[in-house]
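K.L.:
Handing you this structure, nothing more for now.
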Amino acid sequence: MVIELPRTLVFSPRANDTSQVLAVAAYRRGLLTEHLTGWRVPEGFTIGGPAHLYAGPLFADAVATDLHVGLLEPPDDWLTRLPHDAVHRTITMTTMSEAWQLRTPAFLKPPNDKSFPARLYRDGTQLPGPDAVDPDTPVLASDPVTFTLEFRLYVHDGEITTGAQYALDGDLDIEPLAGHPDESRILGFATEVLRTAADTLPSAVVVDIGLIATPAGATTPAVIEANAAWASGHYAADPDRVLDAVLRAAGPTTEVSTRDQPFLRSPVWRIDDAP
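For the sequence shown, my numbering begins at 25 and goes up steadily by one.
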(Lines of atoms letter the chains of each structure in order from A and count residues from 1; the text may use other names and numbers.)
(Lines give C-alpha, C1' and ligand atoms only; values in the text may rest on other atoms or scores of the structure.)
Protein backbone atom coordinates (compact mmCIF):
# COMPACT_ATOMS: atom_id res chain seq x y z
CA MET A 1 0.00 0.00 0.00
CA VAL A 2 1.38 3.40 -1.05
CA ILE A 3 0.82 6.20 1.47
CA GLU A 4 0.63 9.61 -0.16
CA LEU A 5 2.29 12.23 2.01
CA PRO A 6 0.56 15.60 2.36
CA ARG A 7 1.76 18.50 0.28
CA THR A 8 3.61 21.37 1.96
CA LEU A 9 3.30 25.07 1.20
CA VAL A 10 6.66 26.69 1.92
CA PHE A 11 7.00 30.36 2.88
CA SER A 12 9.94 32.73 3.21
CA PRO A 13 11.05 33.90 6.68
CA ARG A 14 9.25 37.21 6.26
CA ALA A 15 5.53 36.78 6.85
CA ASN A 16 2.97 39.13 5.32
CA ASP A 17 -0.81 39.39 5.15
CA THR A 18 -1.03 37.06 2.16
CA SER A 19 1.24 34.36 3.58
CA GLN A 20 -0.81 34.36 6.78
CA VAL A 21 -4.08 34.05 4.87
CA LEU A 22 -2.67 31.32 2.65
CA ALA A 23 -1.37 29.37 5.65
CA VAL A 24 -4.88 29.26 7.11
CA ALA A 25 -6.41 28.26 3.76
CA ALA A 26 -3.77 25.56 3.29
CA TYR A 27 -4.40 24.17 6.79
CA ARG A 28 -8.13 23.94 6.10
CA ARG A 29 -7.32 21.99 2.96
CA GLY A 30 -5.08 19.51 4.78
CA LEU A 31 -1.76 20.88 3.55
CA LEU A 32 1.27 21.30 5.75
CA THR A 33 3.01 24.68 5.98
CA GLU A 34 6.66 25.47 6.57
CA HIS A 35 8.31 28.87 7.11
CA LEU A 36 12.00 28.69 6.26
CA THR A 37 14.21 30.62 8.66
CA GLY A 38 16.97 31.65 6.23
CA TRP A 39 17.88 32.07 2.59
CA ARG A 40 18.95 28.45 2.24
CA VAL A 41 17.09 25.17 2.37
CA PRO A 42 18.74 23.54 5.40
CA GLU A 43 20.83 20.45 4.75
CA GLY A 44 18.73 17.38 5.33
CA PHE A 45 15.53 19.44 5.22
CA THR A 46 12.57 17.20 4.46
CA ILE A 47 8.94 18.12 4.03
CA GLY A 48 7.43 14.74 3.21
CA GLY A 49 5.16 15.26 0.22
CA PRO A 50 5.54 17.56 -2.81
CA ALA A 51 6.41 21.20 -2.14
CA HIS A 52 4.77 24.43 -3.26
CA LEU A 53 6.09 27.93 -2.65
CA TYR A 54 4.84 31.42 -1.87
CA ALA A 55 7.66 33.99 -1.71
CA GLY A 56 9.22 37.02 -3.35
CA PRO A 57 11.27 36.56 -6.55
CA LEU A 58 14.73 36.73 -4.96
CA PHE A 59 13.90 34.24 -2.22
CA ALA A 60 12.14 31.97 -4.72
CA ASP A 61 15.23 31.98 -6.93
CA ALA A 62 17.33 31.01 -3.91
CA VAL A 63 15.29 27.98 -2.81
CA ALA A 64 13.08 26.74 -5.67
CA THR A 65 15.67 24.41 -7.20
CA ASP A 66 16.41 22.69 -3.88
CA LEU A 67 12.67 22.35 -3.22
CA HIS A 68 12.14 20.96 -6.76
CA VAL A 69 9.56 23.67 -7.40
CA GLY A 70 8.86 25.07 -10.86
CA LEU A 71 7.92 28.76 -10.90
CA LEU A 72 5.49 29.95 -13.56
CA GLU A 73 5.55 33.60 -14.60
CA PRO A 74 4.30 35.72 -17.52
CA PRO A 75 6.75 36.52 -20.34
CA ASP A 76 8.81 39.66 -19.80
CA ASP A 77 7.40 41.25 -22.94
CA TRP A 78 3.76 40.18 -22.47
CA LEU A 79 2.41 43.71 -22.20
CA THR A 80 4.14 44.76 -25.44
CA ARG A 81 2.26 42.01 -27.31
CA LEU A 82 -1.19 43.26 -26.37
CA PRO A 83 -3.18 45.46 -28.78
CA HIS A 84 -3.40 49.16 -28.03
CA ASP A 85 -7.07 48.93 -27.09
CA ALA A 86 -6.07 46.58 -24.25
CA VAL A 87 -3.40 48.85 -22.74
CA HIS A 88 -4.22 52.36 -24.06
CA ARG A 89 -0.59 53.46 -23.96
CA THR A 90 2.67 52.75 -25.76
CA ILE A 91 4.75 50.06 -24.01
CA THR A 92 8.19 48.91 -25.10
CA MET A 93 10.74 46.41 -23.83
CA THR A 94 14.19 47.84 -23.32
CA THR A 95 17.22 47.33 -21.07
CA MET A 96 18.52 49.27 -18.11
CA SER A 97 21.47 50.59 -20.12
CA GLU A 98 19.03 52.05 -22.68
CA ALA A 99 16.69 53.33 -19.97
CA TRP A 100 19.55 55.30 -18.43
CA GLN A 101 19.61 57.36 -21.65
CA LEU A 102 15.95 58.42 -21.45
CA ARG A 103 15.44 62.18 -21.18
CA THR A 104 11.62 62.24 -21.09
CA PRO A 105 9.20 61.02 -18.40
CA ALA A 106 8.27 57.33 -18.52
CA PHE A 107 6.81 54.70 -16.23
CA LEU A 108 9.58 52.12 -15.82
CA LYS A 109 9.42 48.70 -14.17
CA PRO A 110 11.26 45.38 -14.13
CA PRO A 111 8.94 42.80 -15.74
CA ASN A 112 9.07 40.00 -13.16
CA ASP A 113 11.22 40.95 -10.19
CA LYS A 114 12.02 43.80 -7.82
CA SER A 115 15.45 44.82 -9.11
CA PHE A 116 14.41 48.50 -8.99
CA PRO A 117 11.23 50.38 -7.95
CA ALA A 118 8.42 50.43 -10.50
CA ARG A 119 7.25 54.06 -10.82
CA LEU A 120 7.13 57.16 -12.97
CA TYR A 121 10.65 58.50 -13.60
CA ARG A 122 11.34 62.05 -14.73
CA ASP A 123 14.13 60.65 -16.92
CA GLY A 124 16.77 57.91 -16.91
CA THR A 125 19.05 59.79 -14.54
CA GLN A 126 16.66 58.96 -11.66
CA LEU A 127 17.17 55.21 -12.07
CA PRO A 128 19.58 53.20 -9.89
CA GLY A 129 23.06 53.11 -11.39
CA PRO A 130 25.27 50.22 -12.59
CA ASP A 131 26.50 49.66 -9.05
CA ALA A 132 22.95 48.55 -8.12
CA VAL A 133 21.43 47.10 -11.31
CA ASP A 134 22.99 45.15 -14.17
CA PRO A 135 22.93 47.07 -17.49
CA ASP A 136 21.28 44.11 -19.24
CA THR A 137 18.33 44.04 -16.81
CA PRO A 138 15.05 44.00 -18.80
CA VAL A 139 12.92 47.12 -18.40
CA LEU A 140 9.35 47.82 -19.46
CA ALA A 141 8.87 51.44 -20.45
CA SER A 142 5.43 52.94 -20.94
CA ASP A 143 3.82 56.31 -21.54
CA PRO A 144 2.72 58.02 -18.32
CA VAL A 145 -1.00 57.56 -17.61
CA THR A 146 -3.15 58.09 -14.53
CA PHE A 147 -5.00 55.08 -13.12
CA THR A 148 -7.93 56.13 -10.96
CA LEU A 149 -8.72 52.60 -9.77
CA GLU A 150 -6.58 49.44 -9.84
CA PHE A 151 -7.72 45.84 -9.49
CA ARG A 152 -5.98 42.48 -9.06
CA LEU A 153 -7.51 39.47 -10.80
CA TYR A 154 -6.50 35.84 -10.30
CA VAL A 155 -6.67 33.82 -13.51
CA HIS A 156 -6.74 30.02 -13.45
CA ASP A 157 -6.98 28.03 -16.68
CA GLY A 158 -8.03 31.16 -18.52
CA GLU A 159 -10.89 31.97 -16.13
CA ILE A 160 -11.03 34.81 -13.60
CA THR A 161 -11.62 33.15 -10.23
CA THR A 162 -11.36 36.03 -7.75
CA GLY A 163 -10.10 39.59 -7.43
CA ALA A 164 -9.95 42.80 -5.45
CA GLN A 165 -9.48 46.53 -5.75
CA TYR A 166 -6.07 47.53 -4.37
CA ALA A 167 -5.59 51.20 -5.21
CA LEU A 168 -7.56 54.42 -5.55
CA ASP A 169 -5.85 57.38 -7.24
CA GLY A 170 -2.49 55.71 -6.71
CA ASP A 171 -2.91 55.07 -2.99
CA LEU A 172 -3.48 51.70 -1.35
CA ASP A 173 -7.23 51.19 -0.98
CA ILE A 174 -8.41 47.61 -0.62
CA GLU A 175 -11.94 46.48 -1.43
CA PRO A 176 -13.38 43.13 -2.53
CA LEU A 177 -14.19 42.88 -6.23
CA ALA A 178 -17.43 41.05 -5.46
CA GLY A 179 -20.16 43.66 -5.18
CA HIS A 180 -17.87 46.50 -6.31
CA PRO A 181 -19.63 49.20 -8.40
CA ASP A 182 -17.16 48.53 -11.26
CA GLU A 183 -17.19 44.73 -10.95
CA SER A 184 -19.04 43.99 -14.17
CA ARG A 185 -17.04 46.54 -16.14
CA ILE A 186 -13.69 45.19 -14.96
CA LEU A 187 -14.67 41.54 -15.40
CA GLY A 188 -16.17 42.17 -18.83
CA PHE A 189 -13.06 43.95 -20.07
CA ALA A 190 -10.65 41.41 -18.57
CA THR A 191 -12.64 38.48 -19.96
CA GLU A 192 -12.46 39.98 -23.44
CA VAL A 193 -8.69 40.50 -23.14
CA LEU A 194 -8.19 36.92 -21.92
CA ARG A 195 -10.32 35.56 -24.75
CA THR A 196 -7.34 36.05 -27.05
CA ALA A 197 -4.47 36.45 -24.56
CA ALA A 198 -4.96 33.58 -22.07
CA ASP A 199 -2.78 31.23 -24.12
CA THR A 200 0.10 33.71 -23.88
CA LEU A 201 0.09 33.46 -20.07
CA PRO A 202 0.74 30.63 -17.59
CA SER A 203 -2.30 28.62 -16.57
CA ALA A 204 -2.24 30.33 -13.15
CA VAL A 205 -1.33 34.00 -13.03
CA VAL A 206 -2.31 37.42 -11.72
CA VAL A 207 -3.52 40.14 -14.11
CA ASP A 208 -3.94 43.71 -12.90
CA ILE A 209 -6.58 45.90 -14.57
CA GLY A 210 -7.12 49.61 -14.02
CA LEU A 211 -9.28 52.53 -15.08
CA ILE A 212 -7.32 55.24 -16.90
CA ALA A 213 -8.46 58.84 -16.64
CA THR A 214 -9.16 60.37 -20.05
CA PRO A 215 -8.80 64.06 -21.04
CA ALA A 216 -12.59 64.26 -21.30
CA GLY A 217 -12.96 63.39 -17.62
CA ALA A 218 -14.14 59.82 -18.19
CA THR A 219 -12.28 56.55 -17.57
CA THR A 220 -11.36 53.62 -19.78
CA PRO A 221 -10.27 50.13 -18.62
CA ALA A 222 -6.75 48.95 -19.46
CA VAL A 223 -4.35 46.17 -18.56
CA ILE A 224 -1.77 47.36 -16.04
CA GLU A 225 0.46 44.27 -15.93
CA ALA A 226 0.61 40.53 -15.30
CA ASN A 227 2.48 39.00 -12.36
CA ALA A 228 3.44 35.63 -10.94
CA ALA A 229 0.72 34.35 -8.60
CA TRP A 230 3.32 32.89 -6.20
CA ALA A 231 4.74 36.37 -5.44
CA SER A 232 1.61 38.55 -5.49
CA GLY A 233 -0.37 40.06 -2.65
CA HIS A 234 -3.96 38.89 -2.46
CA TYR A 235 -5.46 42.09 -1.01
CA ALA A 236 -9.15 41.19 -0.53
CA ALA A 237 -9.37 38.33 -3.03
CA ASP A 238 -10.88 35.00 -1.94
CA PRO A 239 -8.12 33.05 -0.08
CA ASP A 240 -9.12 29.63 -1.41
CA ARG A 241 -9.08 30.77 -5.03
CA VAL A 242 -5.76 32.54 -4.42
CA LEU A 243 -4.38 29.31 -2.95
CA ASP A 244 -5.51 27.41 -6.05
CA ALA A 245 -3.50 29.77 -8.23
CA VAL A 246 -0.40 29.67 -6.01
CA LEU A 247 -0.35 25.87 -5.86
CA ARG A 248 -0.50 25.67 -9.66
CA ALA A 249 1.96 28.50 -10.27
CA ALA A 250 4.66 27.20 -7.89
CA GLY A 251 4.51 23.44 -7.55
CA PRO A 252 6.60 20.34 -8.23
CA THR A 253 8.62 20.56 -11.43
CA THR A 254 7.48 17.06 -12.31
CA GLU A 255 3.88 18.28 -12.42
CA VAL A 256 4.41 21.26 -14.75
CA SER A 257 2.30 20.60 -17.83
CA THR A 258 3.61 20.75 -21.38
CA ARG A 259 1.40 23.78 -21.87
CA ASP A 260 3.13 25.60 -18.97
CA GLN A 261 6.73 24.59 -19.72
CA PRO A 262 7.46 27.78 -21.74
CA PHE A 263 6.50 29.91 -18.71
CA LEU A 264 9.00 28.41 -16.24
CA ARG A 265 11.15 31.05 -14.58
CA SER A 266 14.89 30.73 -14.94
CA PRO A 267 16.52 31.84 -11.65
CA VAL A 268 18.18 35.23 -12.10
CA TRP A 269 19.97 35.03 -8.76
CA ARG A 270 21.52 32.15 -6.87
CA ILE A 271 22.19 31.52 -3.22
CA ASP A 272 26.01 31.59 -3.34
CA ASP A 273 26.22 35.17 -2.02
CA ALA A 274 23.09 35.14 0.06
CA PRO A 275 23.04 36.86 3.45
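Note that the Cβ used here is the ideal one computed from N, Cα and C, for glycine as well. As the structure is a prediction and not an experimental result, all values here were calculated from the model.
#1: Taking 8 angstroms as the threshold (beta carbon to beta carbon), is I198 in contact with chain D?
#2: Would T119 pass as a contact of T161 if the rule is Cβ separation under 8 angstroms?
#3: Alpha carbon to alpha carbon, how far is H76 from A240?
#4: If we count the other Cβ atoms within 10 Å of its Cβ and call it buried at 16 or more, is Y51 buried or exposed?
#5: E207 to E67, Cα distance in whole Å?
#6: To which residues of the same chain is R31 closer than 6 angstroms at the C-beta, ignoring the five residues directly before and after it?
#7: Output the distance between the C-alpha atoms of A153 and A88, rounded to the nearest integer angstrom.
#8: Can you tell which of V163, S121, T128 has the C-alpha that lies nearest to the C-alpha of P141?
#9: Look at G94 and V280 and say whether their C-beta atoms are less than 8 angstroms apart.
#10: Nearest to T244 by alpha carbon, out of A250, N251, A252, L235?
#11: Kindly give me the distance between the Cβ atoms of S227 and R265, rounded to whole angstroms, as I take these residues to be in contact under 8 angstroms.
#12: Identify every run of the beta strand (DSSP E) within the region 165-199, keeping only runs that are complete inside it and at least 3 residues long; order them along the chain.
#13: In whole angstroms, what separates the C-alpha of S36 from that of D90?
#14: By DSSP, does D296 sit in helix, in strand, or in coil?
#15: Assess contact between the region 36-45 and the region 249-262, defined as three or more Cβ pairs (one per stretch) separated by less than 8 angstroms. Is contact present?
#16: What residues in its chain sit with their C-beta under 6 angstroms from that of S290, if we drop five residues either side in the sequence?
#17: Between P98, L96, W63, which has its C-alpha nearest L82's C-alpha?
P.N.:
Taking the structure as given:
#1: In the displayed structure, chain D is absent; only one protein chain is listed.
#2: Position 95 of the sequence shown, counted from the first residue, corresponds to residue 119. Position 137 of the sequence shown, counted from the first residue, corresponds to residue 161. In this structure, T119 sits near T161, with a CB-CB distance shorter than 8 angstroms.
#3: As a working mapping, residue 76 is identified with position 52 in the sequence shown. As a working mapping, residue 240 is identified with position 216 in the sequence shown. Here the alpha carbon of H76 sits roughly 47 angstroms from the alpha carbon of A240.
#4: Numbered from 1 along the sequence shown, position 27 holds the residue referred to as residue 51. Y51 should be labelled exposed.
#5: Residue mapping note: residue 207 aligns to position 183 of the sequence shown, counting from 1. Residue mapping note: residue 67 aligns to position 43 of the sequence shown, counting from 1. Just so you know, the alpha carbons of E207 and E67 end up roughly 48 angstroms apart.
#6: Numbered from 1 along the sequence shown, position 7 holds the residue referred to as residue 31. Closer than 6 angstroms at Cβ, skipping near neighbours: L55, G73, P74.
#7: Counting from 1 along the sequence shown, the entry for residue 153 is found at position 129. Counting from 1 along the sequence shown, the entry for residue 88 is found at position 64. What sits at residue 153 in the sequence shown is Gly, not Ala. Approximately 29 angstroms, taken between the alpha carbons.
#8: Within the sequence shown, numbered from 1, the residue matching residue 141 stands at position 117. Of the listed residues, the one whose Cα sits closest to P141 is V163.
#9: Looking up residue 94 in the sequence shown gives position 70. Looking up residue 280 in the sequence shown gives position 256. Yes, the pair counts as a contact, with Cβ atoms nearer than the cut-off.
#10: Numbered from 1 along the sequence shown, position 220 holds the residue referred to as residue 244. Closest in alpha carbon position to T244, among A250, N251, A252, L235, is L235.
#11: In the sequence shown, the residue the question calls residue 227 occupies position 203. In the sequence shown, the residue the question calls residue 265 occupies position 241. Incorrect: roughly 14 angstroms between the Cβ atoms, too far for contact.
#12: Segments of the beta strand (DSSP E) lying fully in the region 165-199: 171-180, 183-192.
#13: Indexing the sequence shown from 1 puts residue 36 at position 12. Indexing the sequence shown from 1 puts residue 90 at position 66. Computed Cα separation, rounded: 14 angstroms.
#14: Sequence index remark: in the sequence shown, residue 296 carries index 272 (1-based). Low local confidence applies: a pLDDT of 49 at D296 is under 50, so the model's placement there is unreliable, and no value is given.
#15: Contact between the region 36-45 and the region 249-262 is present, because at least three Cβ pairs lie under 8 angstroms.
#16: Translated into positions along the sequence shown, residue 290 becomes position 266. Beyond the five residues adjoining it in sequence on each side, S290 comes within less than 6 angstroms, by CB distance, of no other residue in the same chain.
#17: Stepping through the sequence shown from its first residue, residue 82 is reached at position 58. Closest by C-alpha distance to L82, out of P98, L96, W63, is W63.
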